[in-house]
Amino acid sequence: MRAFISTFAVAKAGSTDQEYEDASDVRPAAGDDTEVTGPWLAAAVADGASEAMLAGHWARHLTTTFTAAPAGHDLASTILAAAAGWDAVEAEYRHARDEAGEPIAWYEEDGLRRGAYATLVGAHLLDGPTDRQGPLLVAALGDACLFQVRDDKLITAFPIDDPDEFDSLPGLAPSRPLDPAKIGEHVVALATEWRQGDQLLLASDALAQWFLAQARAGGTPWRTLSDLGTDAEIGGFAALVDGCRANGSLKNDDTTLLRIDL
Amino acid sequence: MAYTAEISRSNPSCFIFLLDQSASMLDEITEGELVRRKADIVADALNRLLRELAIKCAKEGGVRDYFHVAVIGYGVRVGSLFEGELSGRDLVPLSQVAKYPARVEERMKKVPDGAGGLVEQPTKFPVWVEPVGNHGTPMVEALRQATVLANTFLATNENCFPPVVLNLTDGQSTDGDPRPAAEALRELASTDGNVLLFNLHVSSEGGKPTVFPGASADLNDEYARTLFSMSSPLPPHMRAYAAQQGIAVDDTSRGFVYNADMITIVQFLDIGTRATDLR
């Protein structure tokens, strides 16, 4: 397959870029605006929960664990594999704080003990009999979404296809699962097919909700997102996000788009 | 739609706690085999509320100032209960409240052990207010001071999620009928809705603990009925969240609890995606 990867990210208004808690990852490592060729591609977007400590760290850890896992690997197992590495992530953070002379405060201890939470959507694309189409395996936990556009039509919206279904209580992947079996009960998966010429859009919840609302109103939000150009023109995405936040159509939240043009 | 304003550092909200410190608060309540003074119960409730609020807003790098907080005591005098660095201050950004408790205790707390059980772990427990009880109950003056503070906050935060005022008391006002002062407080509003006045009532009269009762509530205590009538109706999203927590509510439910916990109100406030385990 041949795919052109573009990623766009804007932090919540009022937050700094360092406070951005979404994450995205693609393998084989694409770099910015790079064409990827090969027999497989893995991509993921995660959204760290605002009320959790180290949510951005967990979102990054989840996306990189997902893209490193084999295609078709059960998402619940991938999340548990990421969770198994969480103590090391937290220990590194505590060490860095101690080194900086800023030990963990009492109000941080509960959150660190409870662990971090994030939503996740991920996709594996595999070559089929030809390199122009093949299996598309998608899995998700929570309200980060994948959209598939073909011939200027939205043909897949997963796992949510209704803009009214978003709220502040999505299913979340925990870094310290209290009941690991529950993860499997909440993970959803979809097996479909990609074709050359398709566009796949992976989005965190605010953008996904905006996208579905625009589509339901008869709009073509995929064209808007296609017109953004490349990472080098990220100003276009920031302007779109600012404009939509200002007119109330986009929730003020960290906003992430990972676009795969096939 | 009301009560939907974003709560953020650029659009913060505020919490004003009113703590009854009158002599009647030294009366004891029997809860099963446990006997506690009302003053101990409300001081503990307030310290836990402040702790939960700070933890809810804590991120790496500190507590975010999603809220400004005042703690007003009423008994011998009416005024701020903050001590030390915060002494004499009224509305204080939450990060400062978290940074400067009067002291920090270590208590044992039961936490999940990761294998379906619970294990006791030492936990730091900050203390901002101590149990106190003497003199009368100037609740009307306390509500007036809350009105001044809320008004001051609204003057510079007109689009905020409305200030929440939580009054912790046994209800026996000694400086007049508190209902008109409560009404004046509830009439203040941001563009997102009216100030919310909630009441946590501790009583030695006994009776069933009650959480967020509605019009049909059977409140046999005169003070409970007064405090219930002073309390704001729960906004729809708070009712929905209470229902998710298994609390029986209806569209007449008010922000009032009788001999019960109100720690849930911290969870009612929406600052983004909640960190909750899968169910």
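Protein chains in written order, with this note's numbering: chain A, 49 to 310; chain B, 3 to 281. Glycine residues also receive a C-beta, built at the ideal position from the N, C-alpha and C atoms.
Using the beta-carbon count (16 or more within 10 Å), is Gln23 (chain B) buried or exposed? On the second sequence, residue 23 (chain B) is found 21 positions in, with the first residue counted as 1. Buried, by the Cβ-count rule.
For Phe19 (chain B), which residues does DSSP report across the bridge? The residue labelled residue 19 (chain B) in the question sits at position 17 within the second sequence. Paired residues: B:Val73, B:Leu168.
List in chain order: all unbroken alpha helix (DSSP H) runs of 4+ residues lying wholly within the region 106-185 of chain A. 123-132, 134-147, 154-162
Measure the alpha-carbon distance for Asp279 (chain A) versus Val289 (chain A) and round it to whole angstroms. As a working note, residue 279 (chain A) is residue 231 in the first sequence. As a working note, residue 289 (chain A) is residue 241 in the first sequence. Residue placement at Asp279 (chain A) is poorly supported in this model, since its pLDDT is 48, which falls under 50; the coordinates are not used for a value here.
Met264 (chain B): which of B:Thr171, B:Thr6, B:Phe69, B:Asp279 sits nearest, CA to CA? Here residue 264 (chain B) refers to the residue found at position 262 of the second sequence. Comparing Cα positions, the closest option is B:Thr171.
By Cβ distance, which residues of its chain are closer than 8 Å to Phe255 (chain B), with the 5 residues on each side in sequence left out? To locate residue 255 (chain B), count along the second sequence from 1; it is residue 253. Reading off the sequence, residue 255 (chain B) comes out as Ser, not Phe. The residues are Phe214, Pro215, Gly216, Pro235, Leu236, Arg241, Ala244.
Decide if Thr18 (chain A) is buried, meaning its Cβ has at least 16 other Cβ atoms within 10 Å, or exposed. Given that chain A is displayed from residue 49 to residue 310, the structure contains no residue 18 (chain A) and the question cannot be resolved.
Tell whether a beta-carbon distance below 7 Å holds between Gly209 (chain B) and Ser233 (chain B). Locating residue 209 (chain B) in the second sequence gives position 207, where the first residue counts as 1. Locating residue 233 (chain B) in the second sequence gives position 231, where the first residue counts as 1. Not in contact: Gly209 (chain B) and Ser233 (chain B) (Cβ atoms no closer than 7 Å).
Taking the CB atoms as reference points, tell me whether Asp70 (chain A) and Asp302 (chain A) lie closer together than 7 Å. For the purposes of this step, residue 70 (chain A) is taken as residue 22 along the first sequence, with counting starting at 1. For the purposes of this step, residue 302 (chain A) is taken as residue 254 along the first sequence, with counting starting at 1. In contact: Asp70 (chain A) and Asp302 (chain A) (Cβ atoms closer than 7 Å).
Taking Cβ positions only, does Ala7 (chain B) come closer than 7 Å to chain A? Taking the first residue of the second sequence as position 1, residue 7 (chain B) is located at position 5. It does not; no Cβ of chain A falls within 7 Å.
Report all residues from its chain with a CB closer than 6 Å to the CB of Ala57 (chain A); omit the five preceding and five following residues, and keep chain order. Position 9 of the first sequence, counted from the first residue, corresponds to residue 57 (chain A). Within the same chain, Ala57 (chain A) has close Cβ partners Thr304.
Hey, is Lys111 (chain B)'s beta-carbon within less than 7 Å of any beta-carbon in chain C? Given the protein chain composition of this structure (A and B), no chain C is represented.
Of all the CB atoms in chain B, is at least one closer than 7 Å to the CB of Arg293 (chain A)? Counting from 1 along the first sequence, the entry for residue 293 (chain A) is found at position 245. So no, Arg293 (chain A) is outside the interface.
Does Thr158 (chain B) get closer than 7 Å to chain A when you measure Cβ to Cβ? In the second sequence, the residue the question calls residue 158 (chain B) occupies position 156. Not an interface residue.
Where Val167 (chain B) falls, given that 16 or more other Cβ within 10 Å makes a residue buried: As a first step, residue 167 (chain B) is located in the second sequence; it is residue number 165 there, counting from the start. Buried, because 16 or more other Cβ atoms sit within 10 Å of the Cβ of Val167 (chain B).
For the region 219-275 of chain B, which segments carrying the alpha helix (DSSP H) assignment without a break, of at least 4 residues, lie completely within its bounds, in sequence order? 224-232, 238-246, 266-270
Do you know offhand how far Arg181 (chain B)'s Cα is from Glu207 (chain B)'s? Taking the second sequence and counting its residues from 1, one reaches residue 181 (chain B) at position 179. Taking the second sequence and counting its residues from 1, one reaches residue 207 (chain B) at position 205. Cα-Cα distance, rounded: 21 Å.
Please classify Leu255 (chain A): is it buried, with 16 or more other beta-carbons within 10 angstroms of its beta-carbon, or exposed? For the purposes of this step, residue 255 (chain A) is taken as the residue at position 207 of the first sequence. Burial is judged here by how many other beta carbons sit within 10 angstroms of a residue's own beta carbon; Leu255 (chain A) has at least 16 and is buried.
I want to verify the contact list: residues of chain B whose CB lies under 9 Å from the CB of Ala97 (chain A), in sequence order. Here residue 97 (chain A) refers to the residue found at position 49 when the first sequence is read from its first residue. Simply Gly274, Thr275, Arg276, Ala277, Thr278.
Ordered along the chain, which non-local residues of its own chain (more than five positions away) have a Cβ less than 6 Å from that of Ser15 (chain B)? For this step, residue 15 (chain B) is matched to residue 13 along the second sequence. Result list for Ser15 (chain B): Ile9, Phe69, Cys162, Phe163, in chain order.
Element boundaries [beta strand (DSSP E), containing Asp73 (chain A)]: Numbered from 1 along the first sequence, position 25 holds the residue referred to as residue 73 (chain A). It spans 70-75 - the beta strand (DSSP E) in which Asp73 (chain A) sits, taken as one unbroken run.
Near Ala130 (chain A), which residues of its chain fall below 7 Å by C-beta distance, leaving aside the five closest residues on each side in sequence? Within the first sequence, numbered from 1, the residue matching residue 130 (chain A) stands at position 82. So the list reads His109, Leu110, Thr113, once near-sequence residues are dropped.
Which residues of chain A have a Cβ atom closer than 7 Å to the Cβ of Ala100 (chain B), listed in chain order? As a working note, residue 100 (chain B) is residue 98 in the second sequence. From the beta-carbon of Ala100 (chain B), the residues of chain A found nearer than 7 Å are Tyr155.
Can you name the residues of chain A whose CB is closer than 7 Å to the CB of Pro114 (chain B)? For the purposes of this step, residue 114 (chain B) is identified with residue 112 of the second sequence, where counting begins at 1. Near Pro114 (chain B) (Cβ distances below 7 Å), the residues of chain A are Leu226.
Taking C-alpha atoms, which residue in B:Ala152, B:Asp194, B:Val204, B:Glu85 lies nearest to Gln174 (chain B)? Translated into the one-based positions of the second sequence, residue 174 (chain B) becomes position 172. Considering only alpha carbons, the answer is B:Val204.
Are the C-beta of Gly170 (chain A) and some C-beta of chain B separated by less than 7 Å? Against the first sequence, residue 170 (chain A) aligns to sequence position 122. With 7 Å as the cut-off, Gly170 (chain A) does not count as an interface residue toward chain B.
Alpha-carbon to alpha-carbon, Val150 (chain B) and Asp158 (chain A): Taking the first sequence and counting its residues from 1, one reaches residue 158 (chain A) at position 110. Taking the second sequence and counting its residues from 1, one reaches residue 150 (chain B) at position 148. Cα to Cα, the separation comes out at about 35 Å.
DSSP on Val206 (chain A), reduced to helix/strand/coil? The residue given as residue 206 (chain A) occupies position 158 in the first sequence. For the sequence presented, residue 206 (chain A) should be read as Phe rather than Val. Strand, per DSSP.
Secondary structure of Pro103 (chain B), DSSP reduced to three states: The count along the second sequence starts at 1 and reaches residue 103 (chain B) at position 101. Three-state DSSP puts Pro103 (chain B) in coil, outside helix and strand.
DSSP beta-bridge partners of Thr212 (chain B): Walking along the second sequence from the start, residue 212 (chain B) turns up at place 210. Answer is B:Tyr260.
Residue(s) in a DSSP beta bridge with Val312 (chain A): Because chain A in this structure spans residues 49 to 310, residue 312 (chain A) falls outside the shown range and cannot be described.
Which same chain residues, not among the five before or five after Pro124 (chain B), have their C-beta less than 7 Å away from its C-beta? Looking up residue 124 (chain B) in the second sequence gives position 122. Glu108, Met110.
Cross-strand partners of Lys201 (chain A) (DSSP beta bridge): Numbered from its first residue, the first sequence carries residue 201 (chain A) at position 153. DSSP lists A:Arg198 as partners of Lys201 (chain A).
Could you give the DSSP three-state label for Asp329 (chain A): helix, strand or coil? Here chain A comprises residues numbered 49 to 310, so residue 329 (chain A) is not present and cannot be evaluated.
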